[in-house]
Amino acid sequence: YLHKKNIAMRTNHEIDYKIYGEELQFVEIELDPNETAIAESGAFMMMDNGIEMQTIFGDGSQQQDNSLLGKLFSAGKRLLVGESLFMTAYSNQNYAKSKVSFAAPYPGKIIPMFLPNLGGKVICQKDAFLCAAKGVSIGIEFQRKLGTGLFGGEGFIMEKLEGDGMAFLHACGHVIEKDLQPGEVLKVD
């Protein structure tokens, strides 16, 4: 397990995790009592007894406007990136740690993203979101360059994850990390 990082004033739930598998992976998330993870409805794989599932409208983040119109707008944005109107929250109601696991939808890699290390926000392709700590906001980001939207294959609408917790993305195929130096350019297909 990777250990929690202590950050003052954290708003997202702090979760531990472990990723299993090679080509078709799943992530096992360990929840302390009263901690919650959120996921797309089709991502659930298995969970310990005592974890309660609850369908929520939107992503359940603090950034979400709790009025009906705000919830509809937030959920509508998620439809634009290919996600569903509803998400499922998995809350540990036990007095001890419990585990819940989420499976990748197709062969590829699950990528853990600790959002504070990424400036609190990451932009990814549509359908990349798998699961996250409760409090992570799932929204949309528009491509600003016409050529990228037309010829990049991803379109004009991207998925935006914001918060100060863990989020897990899934990408088809093998994933490598490239750390670009200032001024360095990498062109990709």
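If you read the sequence shown in this note's numbering, its first letter stands for residue 93, the second for the next number, and so on. Glycine residues also receive a C-beta, built at the ideal position from the N, C-alpha and C atoms. If you're wondering where the values come from, they're calculated on a predicted model, not measured in any experiment.
query                                                                                                     : result
Bridge partner(s) assigned by DSSP for Tyr182                                                             : Ala129 and Met145
Buried versus exposed call for Val126 [16 or more other C-beta atoms within 10 Å across all chains shown] : Here residue 126 turns out to be Asn, not Val, going by the sequence shown. Exposed, since its Cβ has fewer than 16 Cβ neighbours within 10 Å.
Exposure of Ser299, with buried meaning 16 or more beta-carbon neighbours within 10 Å                     : Nothing about residue 299 can be reported from this structure: the residues present for the chain run from 93 to 281 only.
Bounding residues of the beta strand (DSSP E) (the contiguous stretch that carries His262)                : Met258 to Cys264
Proximity of Thr103 and Gly227 at Cβ, strictly below 8 Å                                                  : yes
Met137 - partner residues in DSSP beta bridges                                                            : Paired residues: none, contrary to the question.
At least three beta-carbon pairs within less than 8 Å, the region 265 to 279 to the region 205 to 219     : no
Opposing strand residues paired with Glu122 [DSSP bridges]                                                : Asp108 and Lys191
Beta-ladder partner(s) of Glu233, from DSSP                                                               : Met250
Contact check, Ile107 vs Ile130, beta carbons under 8 Å                                                   : no
Under the three-state DSSP convention, the category Pro204 falls into                                     : strand
Reduced DSSP category for Val267 - H, G, I as helix; E, B as strand; rest coil                            : coil
Pick from Leu261, Met258, Ile232 and Ala263 that is closest to Ile249, judged by C-alpha positions        : Ile232
Leu297 - DSSP class collapsed to helix/strand/coil                                                        : Limits of the chain in this structure are 93 at one end and 281 at the other, which puts residue 297 out of reach.
Limits of the unbroken beta strand (DSSP E) element including Ala196                                      : First-last for Ala196: undefined, no H or E at that position.
Per-residue burial, Asn141 [other beta carbons within 10 Å of its own, 16 or more giving buried]          : exposed
Assumed close pair Leu222, Phe178 - CB separation to whole angstroms, cut-off 8 Å                         : Not a contact, Cβ separation roughly 16 Å.
Own chain residues within Cβ distance below 7 Å of Ala181, not counting five before or after              : Thr128, Ile130, Gln146, Ile148, Gly152 and Lys226
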